[in-house]
Amino acid sequence: MTGELYAIACAFFWALSSTLLKSQTERMDLISLAAWRTVPGLFICLGLLFFSGKANDVFHLPLRSLALLVGSTLLGLGVGDLLYLRSMKLIGLARAMPLTATYPFFTLVLALVFLVEPLTWAIVGGALLITAGAYLLAFARGSGKTGNPAPREMDVTGVALALAAAMCWAISTVILRLGLEGVDVAVANSIRLSVLVLALFAILFWRKEVGRIREYGVRSLGIALLAGIAGTGLGTLAFVAALQRAGAARTSILTSTTPIFGVPFSLMLKEKLTSRTVLGTILTVVGVWLTI
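Below is the structure:
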């Protein structure tokens with residue numbers, strides 16, 4: 004049961020982080036936003052690593068585990084998160100978040116094939132209900148961005164990017180599950196976030212955009228850092244802990260409940276709440292209950 008609680012805590016932190024990030028997608032370059040929000044998470048994980056006295060374990064990590072950790076990071080926290088941020092910018096938090104919550108379907112199939120994890124009808128039923136709830140939330144009339152409706156091509160692109168992000172996260176989850184075998188949570192997270200920070204800031208230096216942080220202002224940078232504390236810091240720690248204890252399939256299903264928290268948060272961004280949104284949230288809650 005501990006693993007399931009970690010997964011739900013992860014969903015909450017990710018929803019909070021997404022809300023904070025969405026508020027800045029019109030003010031900051033997406034790669035800059037992604038890069039700066041990883042910094043607090045890295046400091047949190049490095050602090051835990053040294054506090055736990057397991058810093059030397061990093062240098063004794065098997066090459067296979069290291070490769071899997073790095074690969075899962077670049078695909079999930081790198082490519083997947085950037086696709087998600089772009090999707091949020093195009094179609095809004097209330098639609099992008101539930102659409103990416105369909106990634107349990109992809110993870111279930113991959114976990115069954117590559118991890119041989121046991122599946123029960125309750126888990127499958129929970130995944131179906133959560134995905135159905137995500138669908139209702141994603142296509143609820145009146146939800147999404149405020150103001151003029153987005154052009155159709157922008158809408159289609161946003162939906163496609165959200166689903167692509169879900170696929171990236173699913174593959175990343177399975178790769179990460181394999182890489183976590185015999186690896187401490189603090190060690191794994193420190194390696195993953197170190198790789199992510201280096202990759203994102205390397206892109207910023209290559210594009211000569213690191214100095215643009217002065218243009219964004221203290222408030223935007225502060226919100227990005229706060230999102231990093233919630234998402235790449237606390238959320239990532241909870242996700243890895245859940246993955247080790249509950250497995251890839253169950254963790255992916257429970258962390259996809261971000262709409263439960265994200266939809267209420269989206270009201271803070273002045274996105275509309277509809278009856279389909281409420282029904283979708285109820286289905287998601289029932290799906291969580293079945294899964295647990």
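Every position in the sequence shown, counted from 1, becomes a number in my numbering once 3 is added. Beta carbons are placed, not taken as given, at the ideal position from N, Cα and C, and that holds for glycine. Since the structure is predicted, the reported quantities are computational estimates derived from the model, not experimental observations.
*Using the C-alpha atoms, what's the distance from I174 back to V127?*
Distance between the alpha carbons of V127 and I174: 18 Å.
*CA nearest to the CA of V198, picked from R253, L36, G74 and L86*: Ranking R253, L36, G74 and L86 by Cα distance to V198 puts G74 first.
*Would you call T65 buried or exposed, if buried means 16 or more other Cβ atoms sit within 10 Å of its Cβ?*
Reading off the sequence shown, one finds Pro at residue 65, where the question assumed Thr. If you draw a 10 Å sphere on the C-beta of P65, you find fewer than 16 other C-beta atoms in it, and that means exposed.
*Can you say whether S259 is buried or exposed, counting buried as having 16 or more other CB atoms within 10 angstroms of its CB?*
By the 16-neighbour rule on beta-carbons within 10 angstroms, S259 is buried.
*Grab me the residues of Q27's own chain with a C-beta within less than 7 Å of its C-beta, minus the 5 sequence neighbours each way, in chain order.*
If we look at Q27 and ignore the five residues flanking it on each side, its Cβ neighbours are L36, S223, I226 and A227.
*Below 6 Å CB to CB, which residues in the same chain sit around W172 once its five sequence neighbours on both sides are set aside?*
Correct list, in chain order: G79, G83 and Y106.
*Give the straight-line distance between the Cα atoms of E218 and D32, rounded to the nearest whole angstrom.*
About 11 Å.
*G220: buried (16+ other C-beta within 10 angstroms of its C-beta) or exposed?*
Burial is judged here by how many other beta carbons sit within 10 angstroms of a residue's own beta carbon; G220 has fewer than 16 and is exposed.
*asked:* For R215, count the other beta carbons within 10 Å of its own beta carbon; 16 or more makes it buried, fewer makes it exposed. Which is it?
replied: Under this definition R215 is an exposed residue.
*asked:* Under DSSP, the alpha helix (DSSP H) around I47 begins and ends at which residues?
replied: Its alpha helix (DSSP H) spans residues L33 to F54.
*Evaluate contact between the segment 180-191 and the segment 47-59, counting only Cβ atoms and requiring at least three cross-stretch pairs below 8 Å.*
Output reads yes: the segment 47-59 touches the segment 180-191.
*Can you list, in chain order, the residues of its chain whose CB lies under 7 Å from that of A168, leaving out five sequence neighbours each side?*
Around A168, the same chain offers G83, L86, Y87, S90 and T103 as residues with beta carbons nearer than 7 Å, after the five sequence neighbours per side are excluded.
*Where does D84 fall in DSSP's three states?*
Looking at D84 - three-state DSSP - the assignment turns out to be helix.
*Report yes or no: do three or more beta-carbon pairs, one from the segment 200-215 and one from the segment 8-17, lie closer than 8 Å?*
Taking 8 Å as the limit for Cβ pairs, the verdict is that the segment 8-17 does not touch the segment 200-215.
*asked:* Can you list, in chain order, the residues of its chain with a C-beta nearer than 7 Å to that of L229? Leave out the 5 residues immediately preceding and following it.
replied: If we look at L229 and ignore the five residues flanking it on each side, its Cβ neighbours are L23.
*From the DSSP output, in three-state form, read off G185 for me.*
Here G185 sits in coil by DSSP.
_As a quick exercise: from D158, Q247 and I178, pick the residue whose alpha carbon is nearest that of G185._
Ranked by Cα distance from G185, the options D158, Q247 and I178 are led by Q247.
_Within 8 Å, strictly: CB atoms of T176 and S255_ = Yes, Cβ-Cβ distance for T176 and S255 is below 8 Å.
*State the start and end residues of the unbroken alpha helix (DSSP H) segment that holds R215.*
Membership of R215 in any alpha helix (DSSP H) is not indicated, and neither H nor E is assigned to it by DSSP.
*Counted within 10 angstroms of its Cβ, other Cβ atoms place K211 as buried (16 or more) or exposed*: Counting Cβ neighbours within 10 Å, K211 comes out exposed, since fewer than 16 surround it.
*For E7, is the beta carbon positioned less than 7 Å from some heavy atom of the ligand NAD?*
For the ligand NAD, the structure offers nothing, since it holds no ligand at all.
*Which of the three DSSP states, helix, strand or coil, is assigned to T110?*
Shown here, T110 sits in a helix according to DSSP, grouped into three states.
*Using the Cα positions of F242 and G182, report the straight-line distance between them to the nearest angstrom.*
Answer to the nearest angstrom: the Cα atoms are 14 Å apart.
*Could you check which residue in G81, V200 and L111 has the C-alpha nearest to that of W124?*
If we check each option's Cα against that of W124, L111 comes out closest.
*A135 and L286 look like a contact to me (Cβ under 8 Å); what is the Cβ gap, rounded to whole Å?*
Contact flag correct, Cβ pair sits at about 5 Å.
_Three-state class that DSSP yields for P1 in the structure shown_ = Since the displayed the chain opens at 4 and closes at 295, residue 1 lies outside it and no answer follows.
*Answer with buried or exposed for L19, where buried requires no fewer than 16 other C-beta atoms within 10 angstroms of its C-beta.*
It is buried - the Cβ of L19 has at least 16 other Cβ atoms within 10 Å.
*Using alpha carbons as the reference points, say which of R180, L115, L96 and G234 lies closest to F268.*
Looking at the Cα atoms, L96 is the closest of the given residues.
*Should L113 and I194 be called a contact, given that it needs their Cβ atoms to be closer than 8 Å?*
In this structure, I194 does not lie closer than 8 Å to L113 by Cβ.
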